[in-house]
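Taking it in order: structure first as structure tokens, then the write-up.
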Amino acid sequence: MAPPKKSSGSGGGWSISAVFLTFSLLFTLSLLLFFLLSSPRRHHQTLHFSPPPTIQSPTQLLKVYLADLPRSLNYGLLQAYWSPSFPPDARIQSREDAAARSGTGWHSLEHPPYPENPLIKQYSTEYWLTGDLVTPDADRRNASHAVRVYDWRDADVIFVPFFAALSAEMELGRGKGAFRRKEGNEDYQRQRAVVDLVRGSEAWKRSGGRDHVFVLTDPVAMWHVRAEIAPAILLVVDFGGWYRLDSKTATSGGGNGSSSDMVMIQHTQVSLLKDVIVPYTHLLPSFSLMESEKQERRTLLYFKGAKHRHRGGLVREKIWELVASEPDVVMEEGFPNATGREQSIRGMRGSEFCLHPAGDTPTSCRLFDAIQSLCIPVIVSDDIELPFEGMVDYSEFSVFVAVSDALQPNWLISHLRSYSGEQKNRFRQHMARAQPVFVYDNGQPGGIGQVPKDGAVNHIWRKVHQKLPMIREAIVRDRRKPRGVSIPLRCHCT
Numbered sequence: 001m002a003p004p005k006k007s008s009g010s011g012g013g014w015s016i017s018a019v020f021l022t023f024s025l026l027f028t029l030s031l032l033l034f035f036l037l038s039s040p041r042r043h044h045q046t047l048h049f050s051p052p053p054t055i056q057s058p059t060q061l062l063k064v065y066l067a068d069l070p071r072s073l074n075y076g077l078l079q080a081y082w083s084p085s086f087p088p089d090a091r092i093q094s095r096e097d098a099a100a101r102s103g104t105g106w107h108s109l110e111h112p113p114y115p116e117n118p119l120i121k122q123y124s125t126e127y128w129l130t131g132d133l134v135t136p137d138a139d140r141r142n143a144s145h146a147v148r149v150y151d152w153r154d155a156d157v158i159f160v161p162f163f164a165a166l167s168a169e170m171e172l173g174r175g176k177g178a179f180r181r182k183e184g185n186e187d188y189q190r191q192r193a194v195v196d197l198v199r200g201s202e203a204w205k206r207s208g209g210r211d212h213v214f215v216l217t218d219p220v221a222m223w224h225v226r227a228e229i230a231p232a233i234l235l236v237v238d239f240g241g242w243y244r245l246d247s248k249t250a251t252s253g254g255g256n257g258s259s260s261d262m263v264m265i266q267h268t269q270v271s272l273l274k275d276v277i278v279p280y281t282h283l284l285p286s287f288s289l290m291e292s293e294k295q296e297r298r299t300l301l302y303f304k305g306a307k308h309r310h311r312g313g314l315v316r317e318k319i320w321e322l323v324a325s326e327p328d329v330v331m332e333e334g335f336p337n338a339t340g341r342e343q344s345i346r347g348m349r350g351s352e353f354c355l356h357p358a359g360d361t362p363t364s365c366r367l368f369d370a371i372q373s374l375c376i377p378v379i380v381s382d383d384i385e386l387p388f389e390g391m392v393d394y395s396e397f398s399v400f401v402a403v404s405d406a407l408q409p410n411w412l413i414s415h416l417r418s419y420s421g422e423q424k425n426r427f428r429q430h431m432a433r434a435q436p437v438f439v440y441d442n443g444q445p446g447g448i449g450q451v452p453k454d455g456a457v458n459h460i461w462r463k464v465h466q467k468l469p470m471i472r473e474a475i476v477r478d479r480r481k482p483r484g485v486s487i488p489l490r491c492h493c494t
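For what it's worth, the UniProt record's numbering labels the leading residue of the sequence shown as 1, then goes sequentially.
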């Protein structure tokens, strides 16, 4: 057998393939060392979540265009309300408002205050959001999460500055019993004016209204025209009463008396996907944790309000009958007038827990009064939706009870007595940190001025900001539809 031939290449015993393999290995090792040395040493670090972007960052602000409405639909309404010739509310006597009409001259102010009448004040969200947007840019000091733009083409959303709750309550306060009729209804005339102006604008036509924002905190705000603004972002206190129309309302008289004249928004037209739950304006003053620690709370459970309610509020009457005889429970019927306010302040500040059962709607301003009073809310309302969830964890300072449990004899009181003093103190500590989130008032005359950075106004703007990706997607989908083709609304999902 002949001996093997030696390579004729240089390097003695090194073959070409061996040289190539050696070079490849060296190159691979060099790359590996490079990446190991240049990458962070993760095994020596703990993970940290990035802090949320500050609201001063221009790229993170919500760009808002203020729709052009006549002054008569917002601040002009307040001037009319404060006019000495405006009749007092037929439902409740508000001493503060009556005195202001006769001697303050508020009806002549450019930006009058919002009413103190508790039936109206609880819905003042519209006032504070509009006030934030009309505040001069130099006075806002980058405190707001919303920046006003002056061309609707540059805006993320179009805000409609109609004081819908004030308009509805002014009509209801006349006591004429004609609110649900269109004829002779000044509120309906204002609703109609708003819808015609807004829906006729180029901004509405561009998006089909999906990027428009309406404030409808009053359950009867824009009652007659809701179906026409349903695609928009609706700021509401809850969805109670929006899904159905009870039989009495359906037959009691819109227009010609038929139910077709009184159509409420169907469940497919309101949703957590596009709409924002906002807090009622609290009616009781804030109680600090330091003050609370000095306060003796002798009552276990407190409630003040109407005993008899409709629809989902029927549970209130049943709970009342179960717990009212307990020695350390106070259940008071009362109206939110001046006397009732003082009773509520004393009752909430002197109680460990404050009952929050469903009424005509799943929630009420009573919940936010309890928070400001550091009285632990006991929420018995299976259908409740709460403001700013995802930003606020209500389970840290509230007790949630299923209606089925609350209606068992002795169950609710036994459950509340099972909480230790340490647990209740922890609830109040968490509640004290959450109090500012539900405050609208900026302490400025006419609501014009810098808003609290961590207050309700900014939390609402942030929630609206979160809706933008969904809104933009919906607008793009609408644009590609052939003319005459409609896609059914499918918002009944949460």
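The beta-carbon is built from N, C-alpha and C at its ideal position, and this holds for glycine as well.
{"Item": "Let me check understanding here. Comparing Cα to Cα, which of Ser-404, Gly-449, Leu-119 lies closest to Ile-319?", "Value": "Ser-404"}
{"Item": "Along the chain, where does the beta strand (DSSP E) containing Glu-352 start, and where does it finish?", "Value": "351-357"}
{"Item": "Taking its Cβ as the centre, do 16 or more other Cβ atoms sit within 10 Å of His-308, making it buried, or is it exposed?", "Value": "exposed"}
{"Item": "Using beta-carbon positions only, say whether Ala-165 and Ala-221 come within less than 8 Å of one another.", "Value": "yes"}
{"Item": "Measuring only the C-alpha atoms, how far is Ser-83 from Gln-93?", "Value": "16 Å"}
{"Item": "Just the C-alpha distance for Lys-248 and Ala-100, rounded to the nearest angstrom, thanks.", "Value": "Because the pLDDT of Lys-248 is 42, which lies under 50, any placement of that residue in the model is unreliable, and the number read from its coordinates should be weighed accordingly. Whole-angstrom Cα-Cα distance: 38 Å."}
{"Item": "Expressed to the nearest angstrom, what Euclidean distance is found between the alpha-carbon atoms of Arg-479 and Arg-91?", "Value": "48 Å"}
{"Item": "Which runs of the beta strand (DSSP E) spanning at least 3 residues fall entirely within the stretch 107-174, listed in chain order?", "Value": "146-149, 157-159"}
{"Item": "Would you mind stating whether Ile-229 and Phe-239 have Cβ atoms separated by less than 8 Å?", "Value": "no"}
{"Item": "Measure the Cβ-Cβ separation of Glu-332 and Gly-350 and say whether it is below 8 Å.", "Value": "no"}
{"Item": "In chain order, what residues of the same chain have a beta carbon less than 7 Å from the beta carbon of Arg-298, not counting five sequence neighbours either side?", "Value": "Gly-350"}
{"Item": "Which of helix, strand or coil does DSSP assign to His-212?", "Value": "strand"}
{"Item": "Is it buried or exposed for Asp-187, if we count other Cβ within 10 angstroms and need 16 for buried?", "Value": "buried"}
{"Item": "Determine whether the beta carbon atoms of Leu-374 and His-356 lie at a separation below 8 Å.", "Value": "no"}
{"Item": "How about Leu-69 and Leu-273: are their beta carbons less than 8 Å apart?", "Value": "no"}
{"Item": "Who are the Cβ neighbours of Phe-427 in its own chain at under 6 Å, not counting the five residues just before and after it?", "Value": "Ile-376, Phe-397"}
{"Item": "Please report the distance separating the alpha-carbon of Tyr-114 from that of Asp-441.", "Value": "11 Å"}
{"Item": "Please classify residue 505 as buried or exposed, where buried requires at least 16 neighbouring CB atoms within 10 angstroms.", "Value": "Nothing about residue 505 can be read from this structure; the chain reaches only from 1 to 494."}
{"Item": "Opposite Thr-299 in the DSSP bridges: which residues?", "Value": "Ser-351"}
{"Item": "Sorted by chain position, which residues of the same chain lie with C-beta nearer than 8 Å to Gln-189's C-beta, five sequence neighbours on each side aside?", "Value": "none"}
{"Item": "Under 8 Å, with one C-beta from each stretch per pair, do the stretch 407-420 and the stretch 385-392 reach the 3-pair mark?", "Value": "no"}
{"Item": "Which residues in the same chain have their Cβ closer than 8 Å to the Cβ of Leu-416, if we skip the five residues on either side of it in sequence?", "Value": "Leu-300, Leu-301, Glu-352, Phe-353, Val-378, Val-399"}
{"Item": "Would you please verify whether the beta carbon of Val-215 is less than 8 Å from any beta carbon of chain C?", "Value": "This model lacks chain C altogether, as it is built from one protein chain only."}
{"Item": "Closer than 8 Å is the cut-off here; do at least three beta carbon pairs connect the stretch 120-134 with the stretch 453-460?", "Value": "yes"}
{"Item": "Do Phe-159 and Leu-78 have their C-beta atoms within less than 8 Å of each other?", "Value": "no"}
{"Item": "Say yes only if the C-beta of Asp-89 is nearer than 7 Å to one or more non-hydrogen atoms of the ligand ADP, and no if none qualify.", "Value": "Annotation note on the ligand ADP: not contained in the displayed structure, which lists no ligands."}
{"Item": "Using the C-alpha atoms, what's the distance from Tyr-150 back to Pro-58?", "Value": "Summary for Pro-58: the model assigns pLDDT 49, below 50, so the residue's position carries little reliability; its value from the coordinates is reported in the next sentence. If you take the alpha carbons of Pro-58 and Tyr-150, they lie about 16 Å apart."}
{"Item": "Which of helix, strand or coil does DSSP assign to Met-431?", "Value": "helix"}
{"Item": "Give the C-beta separation of Asp-139 and Gly-449 to the nearest angstrom, bearing in mind that I take them to be a contact with Cβ-Cβ under 8 Å.", "Value": "6 Å"}
{"Item": "Less than 7 Å between C-beta atoms, sequence neighbours within five positions excluded: which residues of the same chain meet that for Val-485?", "Value": "none"}
{"Item": "Is it buried or exposed, Pro-469, if we count other Cβ atoms within 10 angstroms and call 16 or more buried?", "Value": "exposed"}
{"Item": "When you compare only the Cα positions, how much space is there between Gln-295 and Val-270?", "Value": "42 Å"}
{"Item": "Identify, in the order they occur along the chain, each residue of the same chain with its Cβ nearer than 8 Å to the Cβ of Val-236, setting aside the five sequence neighbours on each side.", "Value": "Leu-216, Thr-217, Trp-242, Val-270, Asp-275, Val-276, Ile-277, Val-278"}
{"Item": "Once you ignore the five residues that flank Ile-475 on each side, which residues in its own chain have a CB closer than 6 Å to its CB?", "Value": "Ser-207, Arg-210"}
{"Item": "Note down the Cα distance separating Gly-447 from Asn-74, rounded to an integer number of angstroms.", "Value": "13 Å"}
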